[in-house]
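Q:
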């Protein structure tokens, strides 16, 4: 397995984003996390915040997309829903990034978008609820909702989005080459294993 | 993580059994695969073949259990169904084995039975259908059914059994510390990763 393009899908709060960053550093290859969001924003006309919040979330809710789209996006969208339009732009961006060579792509259903490329390693990072709850409070602070409720809401939105656009079950091990529980294995060790597999 | 007791759950044909054997050899700890079946057979009064075929399979079918049970098992079973009786004996055997120290246990929903022990590493081994189909024909020969149909039937029966007795989804990454696709990563490499995690 070449394992040159690494996709990191992750539960919110599991440390998947950090795993992605560490893997890109260990292998000396580009990371596409916020960078992917910015690329999609640039190509769609949406502001990055809108892409960030909606690119992995369940479609069907009332998007305030037009308020954020500066260049008369409805005309560009050719009758697609905002969610479908965002999905199409996101897919194209991921495929373009993969064409450029080895890299790490975090989230955005990139495991599915690149499923037909043999030169990928698809990883899923998850962790126990308590580990993730503790982590999001440390990283993002408290909010009105309990950390557990925030996690469940975010997981559900990502899961529904994934199911809707891929027809697959989010977090089902069979979609990935490797799945790791960072609460048990550790974030650094997870990154080591993935980087080592990508090199082999 | 101590990682001294390793449970290996696996899709049929994925090489999970071989991974378990390799891990036990690498770590120099006992393997419970056929050995667990024999222990359950001894303690239940069922013949090993019956335990092998039904201990991980969906309950509810018509069991010919009484024909195999030599010692008037119905009296021993205290009104439990054959499937529930087998499950109870199997759980007890797994808990007893775990009490004896470091080991590798293959299958039998052992990840769930030992979920409350901190000194475990729970692995799930899976692989693409084509890889598994090729493997079972090489290992077990041809049969009237296509290898794909045999795999799907076996996966389904294990999955229903797991769901019935644990309330969880078989193969969902969140049930395991690590999940590996042997078709992509290789059987030997999968064993190396698991053994290395167990030592760390």
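Residue numbers (this note's numbering), protein chains in the order written: chain A, 44 to 243; chain B, 44 to 243. Just so you know, even glycine gets a beta-carbon here, dropped at the ideal spot from N, CA and C. Owing to the predicted nature of the structure, the values given are computational and were not obtained by experimental measurement.
(1) Report yes if the CB atom of residue 133 of chain B is closer than 9 angstroms to the CB atom of residue 156 of chain B, and no otherwise.
(2) To the nearest angstrom, report how far apart residue 85 of chain B and residue 242 of chain B are at their CA atoms.
(3) For a contact meaning CB atoms closer than 9 angstroms, what does residue 169 of chain A contact in chain B?
(4) Considering residue 167 of chain B, what are the terminal residues of the beta strand (DSSP E) in which it resides?
(5) To the nearest angstrom, how far is it from the Cα of residue 199 of chain A to the Cα of residue 81 of chain B?
(6) Measuring CB to CB, does residue 248 of chain A end up less than 9 angstroms from residue 74 of chain A?
(7) Pick helix, strand or coil for residue 155 of chain B, following the three-state DSSP scheme.
(8) According to the Cβ coordinates, are residue 94 of chain A and residue 129 of chain A closer than 9 angstroms?
(9) Assuming residue 214 of chain A contacts residue 174 of chain A (C-beta within less than 8 angstroms), just tell me the rounded distance between them.
(10) Tell me the residue span of the alpha helix (DSSP H) that contains residue 225 of chain B.
(11) Would residue 164 of chain A pass as an interface residue toward chain B - the criterion being a Cβ-Cβ separation below 9 angstroms?
(12) Can you tell me the Cα-Cα spacing of residue 226 of chain B and residue 65 of chain A, whole angstroms?
(13) How many angstroms separate the CA atom of residue 239 of chain A from the CA atom of residue 224 of chain B?
(14) I want to check one thing, is the minimum distance from the CB of residue 96 of chain A to the heavy atoms of the ligand MG below 8 angstroms?
(15) How should residue 170 of chain A be labelled, buried or exposed, when 16 other C-beta atoms within 10 angstroms of its C-beta is the threshold for buried?
(16) Thinking residue 201 of chain B and residue 99 of chain B are a contact (beta carbons under 8 angstroms), I'd like their distance in whole angstroms, please.
(17) May I ask you to list, following chain order, the residues of the stretch 192–203 of chain B that have a beta carbon less than 9 angstroms from some beta carbon of chain A?
(18) Leaving out five residues before and five after residue 108 of chain B in sequence, what residues of the same chain have Cβ atoms less than 6 angstroms from its Cβ?
(19) Just to confirm, are residue 47 of chain A and residue 162 of chain A a CB contact at a threshold of 9 angstroms?
(20) What residues from the stretch 63–82 of chain A come within 7 angstroms of chain B, judged by C-beta to C-beta, listed N to C?
(21) Please check if any C-beta of chain A sits within less than 9 angstroms of the C-beta of residue 243 of chain B.
(22) Got a sec? Which residues, its chain only, sit under 7 angstroms from residue 67 of chain B by beta carbon, not counting five neighbours each side?
(23) Rounded to a whole number of angstroms, what is the C-alpha to C-alpha distance between residue 92 of chain B and residue 83 of chain B?
(24) Could you pull the start and end residues of the alpha helix (DSSP H) that residue 125 of chain B belongs to?
(25) Does DSSP put residue 219 of chain A in a helix, in a strand, or in coil?
A: In this structure, then:
(1) Sequence index remark: in the second chain, residue 133 of chain B carries index 90 (1-based). Sequence index remark: in the second chain, residue 156 of chain B carries index 113 (1-based). Cβ atoms of residue 133 of chain B and residue 156 of chain B: closer than 9 angstroms.
(2) In the second chain, residue 85 of chain B corresponds to position 42, counting from 1. In the second chain, residue 242 of chain B corresponds to position 199, counting from 1. If I take the Cα positions, the gap works out to 32 angstroms.
(3) As a working mapping, residue 169 of chain A is identified with position 126 in the first chain. For residue 169 of chain A, the neighbours in chain B by C-beta distance under 9 angstroms run, in chain order, 216 and 217.
(4) In the second chain, counting from the first residue as 1, residue 167 of chain B sits at position 124. Where residue 167 of chain B is concerned, the enclosing beta strand (DSSP E) stretches over 163–169.
(5) Position 156 of the first chain holds residue 199 of chain A. Position 38 of the second chain holds residue 81 of chain B. In this structure, the CA atom of residue 199 of chain A is about 43 angstroms from the CA atom of residue 81 of chain B.
(6) The structure shown has nothing for residue 248 of chain A, since chain A only spans 44 to 243.
(7) Counting from 1 along the second chain, the entry for residue 155 of chain B is found at position 112. DSSP, reduced to helix, strand and coil, places residue 155 of chain B within a helical segment of the structure shown.
(8) Counting from 1 along the first chain, the entry for residue 94 of chain A is found at position 51. Counting from 1 along the first chain, the entry for residue 129 of chain A is found at position 86. Going by C-beta atoms, residue 94 of chain A is nearer than 9 angstroms to residue 129 of chain A.
(9) In the first chain, counting from the first residue as 1, residue 214 of chain A sits at position 171. In the first chain, counting from the first residue as 1, residue 174 of chain A sits at position 131. Contact check for residue 214 of chain A and residue 174 of chain A: beta-carbon distance about 16 angstroms, past the 8 angstroms limit, so the pair fails to qualify.
(10) As a first step, residue 225 of chain B must be located in the second chain, where it is residue number 182. DSSP places residue 225 of chain B inside the alpha helix (DSSP H), whose first and last residues are 225–228.
(11) Residue numbering aside, residue 164 of chain A sits at position 121 when the first chain is read from its first letter. Yes, residue 164 of chain A counts as interfacial toward chain B.
(12) Working through the second chain from its first residue, we reach residue 226 of chain B at position 183. Working through the first chain from its first residue, we reach residue 65 of chain A at position 22. Using only the alpha carbons, I get a separation of about 26 angstroms.
(13) Within the first chain, residue 239 of chain A is the residue found at index 196, counting from 1. Within the second chain, residue 224 of chain B is the residue found at index 181, counting from 1. C-alpha of residue 239 of chain A to C-alpha of residue 224 of chain B: approximately 15 angstroms in a straight line.
(14) The ligand MG is not among the ligands present in this structure, which contains no ligands whatsoever.
(15) The sequence position of residue 170 of chain A within the first chain is 127, counting from 1. That one is buried.
(16) Taking the second chain and counting its residues from 1, one reaches residue 201 of chain B at position 158. Taking the second chain and counting its residues from 1, one reaches residue 99 of chain B at position 56. At roughly 5 angstroms, the Cβ-Cβ gap stays under 8 angstroms, so residue 201 of chain B and residue 99 of chain B are in contact.
(17) Within the stretch 192–203 of chain B, not one residue has a Cβ closer than 9 angstroms to any Cβ of chain A.
(18) Locating residue 108 of chain B in the second chain gives position 65, counting from the first residue. Because the pLDDT of residue 108 of chain B is 47, which lies under 50, any placement of that residue in the model is unreliable, and the question is left without a value.
(19) In the first chain, the residue the question calls residue 47 of chain A occupies position 4. In the first chain, the residue the question calls residue 162 of chain A occupies position 119. For residue 47 of chain A and residue 162 of chain A, yes; Cβs fall inside 9 angstroms.
(20) Cβ contacts with chain B: none found.
(21) Against the second chain, residue 243 of chain B aligns to sequence position 200. It does; some Cβ of chain A falls within 9 angstroms.
(22) Against the second chain, residue 67 of chain B aligns to sequence position 24. So the list reads 73, 74 and 147, once near-sequence residues are dropped.
(23) Locating residue 92 of chain B in the second chain gives position 49, where the first residue counts as 1. Locating residue 83 of chain B in the second chain gives position 40, where the first residue counts as 1. A direct Cα-Cα distance of roughly 11 angstroms separates residue 92 of chain B from residue 83 of chain B.
(24) As a position in the second chain, residue 125 of chain B is number 82, starting the count at 1. Segment 125–142, the alpha helix (DSSP H) holding residue 125 of chain B.
(25) Taking the first residue of the first chain as position 1, residue 219 of chain A is located at position 176. Annotated three-state conformation of residue 219 of chain A is coil, per DSSP.
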